[in-house]
Structures are given as C-alpha cells and as structure tokens.
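And the structure:
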C-alpha cells in the first residue's frame with residue numbers, strides 16, 4: 004500500500020469488510036457456516052463458528068443476527084440472545100416448541116434460544132472440559148468436545164461426544180444426563196489425567212495409551228446400541244418415526260438406532276475411507292467421513308461428506324445411493340451449474356432438505372449453498388459468490404486472516420486461513436489478489452500454478468531473501484513454497500501428521516500441523532510445529548533439525564538448552580538483530596527467547612492465562628493466548644494478546660505496555676481477536692490481522 008494510506012496515527016483498516024447485515028445474505032460476508040435449520044415460516048437459521056453468531060435469513064433473503072455480538076465469550080444467559088456472547092456455535096437443532104438448541108463448542112456447553120421470546124439459556128454443561136457428571140444434573144456435567152445435538156418428540160436432548168465416542172441423553176423431565184449409546188471410550192493419544200487429545204512423542208517414537216481406557220472403534224451392529232463402538236460420532240438427527248441417525252465419522256458409516264428396540268445398524272457405508280458405490284445399495288457403498296446428515300419425511304437420507312467433498316442421498320424407498328453435489332475434488336464451487344458439475348468443499352455440520360428435495364448445505368468455503376430439487380442447479384444462499392479479488396483490499400471478503408509478511412517491495416502478504424488462500428496486497432496497484440489456493444480445503448496442485456492448488460487452512464507465511472513465498476500449510480502438515488514463476492511445491496513434510504525425522508532431508512521429515520514459519524538472518528527456515536517443537540531447515544543443505552522442544556507439550560526448561568525444554572504451541576516466530584529467536588506460545592501464554600547458544604528463557608508471561616495491567620514486570624505478567632509476534636530493528640517486541648483483545652509491547656523498564664485496545668476491558672476494543680503481526684515501511688507501521696473480524700489493520704508505531 005502507498006505510504007499516504009498507511010501514515011495515520013490511528014488504527015486503520017487496510018483490508019477486509021468484516022461483517023455486516025440487513026443486506027441480501029447471498030451478498031453478505033460470512034465466517035465459517037456450520038449448522039442449518041429451516042423454520043416452518045421459511046426463515047433459515049445458520050450458526051457461524053468463526054463469527055460467533057447465529058444468523059437469521061428472512062423470507063426475502065435478508066440477513067440478520069439472531070444471537071451473539073460477534074465477540075467470542077460466554078455470557079448473556081437469561082437475557083436476549085442477540086446480546087449474548089457465544090464461542091464457536093456449531094450444530095443446530097429445533098424442537099416442537101419453537102426452541103433452537105446449539106452446541107457452543109469452546110464454552111463446552113449446549114444452549115437454547117426460545118424463538119418466541121429471544122431468551123437464551125444454558126441446558127447442558129458446566130463449562131468444564133472432561134467427562135464427569137454421569138447420572139447427575141446436565142448443567143453440572145463435564146463435556147469433552149461438543150458436537151451434534153438432536154431433540155426427540157418428548158423433548159429429550161441427545162448429544163454426540165466426538166472424543167467420548169458415545170451418545171448421551173438428557174431427560175426432559177428430570178434434567179439428568181446419562182450415556183445412551185456407546186461407552187466412555189477414548190480414541191487418541193493421552194497422558195494420565197489428561198482428557199484432551201495429546202500428540203506427544205514418547206521415547207523411541209512410539210506412543211503409549213493410558214491404562215484402564217477402552218478405545219473407540221466399530222462394533223455392535225445388530226445388537227443393543229448401548230454396547231456399540233463408535234469412532235468420532237459427529238452429527239445426529241431424528242426421522243419422523245423417532246429413530247436416531249448418527250454420522251459415525253471415522254468409521255465412515257451412517258448408523259441408525261431403532262428407538263423402540265434399541266438395536267443399532269449401519270444404513271450407509273461399508274467402512275472404507277472412500278466415496279463410491281453410486282447406483283447401488285447404500286450398505287455396500289462407501290462414504291468418506293460423513294459429517295452432516297438430514298432425514299426428510301420420505302426417509303430419504305442426505306449426507307454431507309467431510310473428505311468425500313460431496314453431498315449424497317440414500318433413497319428412502321430403494322436404499323440406493325447417489326451423489327447430488329460434487330465430484331470428489333474440493334474447491335470453490337461456482338453458481339449456476341448442476342450439482343454434478345460444480346465443486347464442493349467439506350460438508351460439515353449443516354444440512355437441510357425441503358419436501359421438494361431442495362437441499363441446503365454448509366460448504367467449508369464459508370458459504371451456505373443449495374441445490375434446487377427440480378432443476379438441480381446450485382446457487383449460493385449466504386456468504387457471497389466472490390471473495391472480491393482484483394479490487395480495493397478494504398472491500399475484500401476475508402475469512403480468518405492469520406500470519407502476515409512483507410517483501411522488499413512493500414507488498415503485503417497474508418494467510419487467509421478459512422478462505423484456504425494466500426493473498427497479496429500490491430504496493431503499486433493497491434489491489435488485492437490471491438497468489439495461492441483455489442478455495443478448496445485439501446491437498447492438490449503440487450508442482451502446478453499456485454492459484455490452482457488446494458491448501459489446508461494455511462496459518463502463516465514467510466518470505467525469504469530471494470523473494471520466494473513459504474506457506475505453513477497447516478492441515479496438510481507441510482511447508483510449501485511458491486517460486487518466482489508462481490509454481491507451488493512441498494519443501495518440508497510428507498503430509499502425514501506425525502513426529503519423525505529429527506535430522507536428514509526436510510522433504511522426508513514429518514510435521515504435525517505447523518502453525519508458524521519465519522526466516523532467520525541467514526535465510527534458514529524456522530518452523531513452529533504443533534507437536535511442541537521448533538525445527539530449522541538449513542538454507543544450503545536443506546536438512547532439518549529440532550532446535551527447541553521434546554515433542555511433549557509443556558512449559559519448562561528456562562535457563563537450559565532449548566532442545567531439552569518443553570514448549571507448547573509456537574504460533575509465531577520472529578528474530579532480533581542479533582539473530583535471537585523469539586516465539587509466542589499460545590498453549591502456555593508466554594513469549595520465549597532462544598539465544599545464539601541455544602539457551603531458552605521466558606521474556607513475557609508467567610505461564611498462566613489472564614490479564615495484567617500496564618506497568619507489570621514482563622516476566623510476572625499474564626497474557627491470554629498470544630498469537631502474533633513481531634520484533635523491530637531496534638529489538639522492540641510487539642505482541643498480539645489475542646483473547647485480551649490487545650496489542651502490547653515491552654517498555655525500556657521491562658514492563659508491559661498496551662498500545663492498542665482498552666486494557667480495562669470495560670468497553671470492547673476495536674479489534675476482536677488480533678492474530679498476525681508484521682512490521683512494515685521501515686518499522687514505522689505495524690500490520691495486524693483480526694482473525695475474528697476478518698480485517699487487516701495498520702497502526703503507526
């Protein structure tokens with residue numbers, strides 16, 4: 004961008020429109036659309052996981068907010084839903100009394116909105132992460148990852164436990180919670196007393212399982228659902244007869260519980276990780292990680308596939324399966340094409356079918372789309388038909404901007420995470436364009452033009468001294484590079500999320516969902532790996548080595564070798580003039596430093612999430628999920644204190660200072676959740692990505 008646009012003392016938006024309403028939903032920006040419910044009066048309700056809202060689309064197609072003010076949080080129960088704070092609303096369900104239920108993912112709870120009064124209340128979950136509370140009041144129960152929700156005709160609530168591998172029931176009369184199907188089974192790497200997923204490497208490269216725990220799996224068909232095995236059951240729905248259908252996601256099956264007999268069976272899927280079998284019986288066909296489901300009045304089953312990139316239908320009369328939308332290739336589907344001609348991204352959570360077989364689904368391009376039951380033409384209902392490239396950046400649609408970088412010509416680059424793209428703001432033309440990614444979430448396009456490639460929620464970018472662009476292709480567990488000709492290739496990682504390859508060629512090494520990348524003063528590439536390590540790729544030999552972390556997330560080792568320390572999740576990496584490495588650790592809320600001798604120390608934060616006022620000594624201060632980090636040429640540190648909605652720095656007296664945002668937390672900051680930071684224009688300007696409000700800001704420092 005030109006200097007005249009950036010040299011302002013105030014906080015200025017340089018890219019992104021954010022969110023707005025009272026316009027046609029088809030033209031409105033969205034975050035990450037998930038749950039869908041259509042009301043009897045034809046209004047459509049949509050949960051937006053990244054906007055922290057539930058939207059309402061009226062009969063004329065105009066967009067309104069139903070619940071949430073857009074700031075992630077947990078408040079407002081007992082009051083109007085529109086004033087409440089939500090944190091990752093996920094699945095939706097409607098009961099017969101005009102109440103809307105939803106899973107509030109990061110609040111570890113389920114909530115209800117009375118659509119007659121607009122009042123919101125919590126109905127399940129204490130807010131604590133875990134699996135306790137069996138047999139007690141549902142409001143006191145622990146929840147380990149909220150997922151699907153469905154309500155039967157009696158008002159009983161059923162919820163699926165993705166990581167518990169079970170289905171639980173909340174009795175409408177007593178409010179007591181109990182396990183209805185499956186059992187308390189874990190299916191992930193774990194440490195003792197840790198109920199959350201753990202991905203640490205144990206010595207020798209093998210993983211251990213906590214004793215006394217059963218693993219999720221597949222068994223029990225033809226018998227009582229109570230004893231069935233599930234593997235990441237996602238979304239659930241009742242049919243008109245009151246039978247319960249379950250997306251048994253990682254078993255690649257749709258399963259049904261006959262609610263009269265209690266017997267469970269598979270109705271779609273043979274367990275293969277594939278998407279085929281159209282024209283034949285659904286039980287002999289494959290479905291690839293089914294993630295969303297709807298059953299209409301004719302018992303037609305509609306299924307959205309997470310990794311099959313299709314919307315499929317099982318005929319209620321014949322049991323024959325067919326594909327309605329998609330061809331198995333992820334991408335940004337265009338409007339006006341028939342379902343079998345357009346691309347489809349992962350279908351997660353949201354699916355609805357009208358009586359005329361018009362189907363609505365949430366496409367992980369961030370849009371709600373529909374296929375007409377008669378013409379089979381696909382159109383966009385909500386989220387825009389374009390991201391508005393090749394125009395003014397302040398009018399572009401962004402979705403979860405993350406890491407930012409600047410090249411030697413002052414062009415600005417950023418990871419547009421949920422748009423599955425890397426975008427560039429050109430210094431001369433002052434236009435925004437995509438330089439990598441076609442909008443499809445997946446892995447494709449290797450050794451081709453980068454704009455035709457599929458990316459996997461890329462979180463960060465870095466530009467080396469040669470002007471080549473490097474991408475932390477997070478979900479694909481790779482580092483990819485765009486060369487001067489615009490060709491994209493993988494330079495680190497096999498694509499398997501694992502921790503292996505401590506030395507040797509980077510291309511043969513394993514990464515685990517890398518969150519951050521940066522180049523040091525010698526043009527070596529540094530990688531913040533989600534496994535709890537920082538790795539370095541030598542610019543000359545292309546060999547990789549670990550320089551920090553042991554592969555078990557933790558917080559220790561200050562004053563000793565970084566290679567022996569425990570670290571958490573390095574979300575940003577930066578260097579000072581002396582080539583000292585700094586990284587932000589969102590898991591343990593600290594900024595740490597690795598000096599030239601490989602010694603690690605903490606420079607900001609005490610390891611606890613919280614807020615400390617200005618003037619607190621940096622080593623005694625509390626941060627809350629510090630995502631972004633930048634270090635100026637005069638070694639000044641800038642931090643995005645994300646959950647506190649602040650940008651902070653360290654004074655000469657080694658105390659913490661707020662430069663953007665309201666540190667008293669009495670009124671909202673201009674920014675909702677700052678993530679990426681980058682210095683610009685000879686360190687005169689600080690660029691900031693607001694991950695939740697979908698904007699890029701500039702600030703004169």
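Residue numbers (our numbering): 4 to 704. For each residue, glycine too, the CB sits at the ideal point set by N, CA and C. These numbers were taken from a predicted model, which means no experiment stands behind them.
Distance, residue j Cα to residue i Cα
| i | j | result |
| --- | --- | --- |
| residue 176 | residue 157 | 9 Å |
| residue 515 | residue 349 | 21 Å |
| residue 293 | residue 603 | 44 Å |
| residue 467 | residue 531 | 16 Å |
| residue 16 | residue 316 | 44 Å |
| residue 2 | residue 635 | Since the first residue of the chain shown is 4 and the last is 704, residue 2 is not available in this structure. |
| residue 647 | residue 629 | 9 Å |
| residue 332 | residue 660 | 48 Å |
| residue 2 | residue 698 | This structure cannot speak to residue 2, because the chain is shown only from 4 to 704. |
| residue 310 | residue 13 | 44 Å |
| residue 132 | residue 167 | 12 Å |
| residue 180 | residue 246 | 20 Å |
| residue 608 | residue 435 | 36 Å |
| residue 683 | residue 464 | 15 Å |
| residue 353 | residue 59 | 14 Å |
| residue 252 | residue 639 | 47 Å |
| residue 18 | residue 259 | 47 Å |
| residue 414 | residue 148 | 40 Å |
| residue 489 | residue 425 | 12 Å |
| residue 399 | residue 20 | 6 Å |
| residue 330 | residue 357 | 23 Å |
| residue 479 | residue 693 | 23 Å |
| residue 695 | residue 679 | 12 Å |
| residue 610 | residue 592 | 5 Å |
Pair within 8 Å by beta-carbon distance, residue i and residue j
| i | j | result |
| --- | --- | --- |
| residue 658 | residue 605 | no |
| residue 152 | residue 160 | yes |
| residue 565 | residue 597 | yes |
| residue 77 | residue 102 | no |
| residue 313 | residue 278 | yes |
| residue 627 | residue 612 | yes |
| residue 97 | residue 49 | no |
| residue 323 | residue 284 | yes |
| residue 475 | residue 485 | no |
| residue 362 | residue 374 | yes |
| residue 664 | residue 642 | no |
| residue 378 | residue 421 | no |
| residue 535 | residue 571 | yes |
Backbone secondary structure at residue i - three-state DSSP
| i | result |
| --- | --- |
| residue 630 | strand |
| residue 508 | strand |
| residue 115 | strand |
| residue 569 | coil |
| residue 437 | strand |
| residue 779 | The shown model of the chain, from 4 to 704, leaves out residue 779, and the question about it has no answer. |
| residue 544 | coil |
| residue 308 | strand |
| residue 85 | helix |
| residue 230 | helix |
| residue 402 | coil |
| residue 396 | helix |
| residue 420 | helix |
| residue 451 | strand |
| residue 28 | helix |
| residue 647 | helix |
| residue 109 | helix |
| residue 635 | coil |
| residue 714 | Nothing can be reported for residue 714, as the shown portion of the chain is limited to 4 through 704. |
| residue 479 | helix |
| residue 413 | coil |
Problem set entry | Those runs of the beta strand (DSSP E) which lie wholly inside the region 122-155 and span at least 3 residues | 123-127 and 152-154
Exercise. Just checking, does the region 233-240 make contact with the region 294-304 on the three C-beta pairs under 8 Å criterion?
Worked result: In the pairwise beta carbon analysis, the region 233-240 is classified as touching the region 294-304: at least three pairs are separated by under 8 Å.
Problem set entry | contact_flag[the region 451-465, the region 33-40] where n(CB pairs < 8 Å) is 3 or more | no
For this session: Mind listing, in chain order, the continuous beta strand (DSSP E) runs of no fewer than 3 residues lying wholly within the region 542-626?
Result: Fully enclosed beta strand (DSSP E) runs of 3 or longer: 547-551, 573-578, 584-588, 593-597 and 603-607.
Exercise. Three or more beta-carbon pairs under 8 Å between the region 221-231 and the region 264-273, yes or no?
Worked result: yes
Exercise. Is the region 417-437 touching the region 500-510, taking contact as three or more C-beta pairs under 8 Å?
Worked result: no
Exercise. What beta strand (DSSP E) runs, 3 residues minimum, are completely inside the region 325-359?
Worked result: 350-356
Exercise. Can we say the region 553-569 touches the region 387-407, given the rule of at least three CB pairs closer than 8 Å?
Worked result: Between the region 553-569 and the region 387-407, the count of Cβ pairs shorter than 8 Å is below three; the stretches do not touch.
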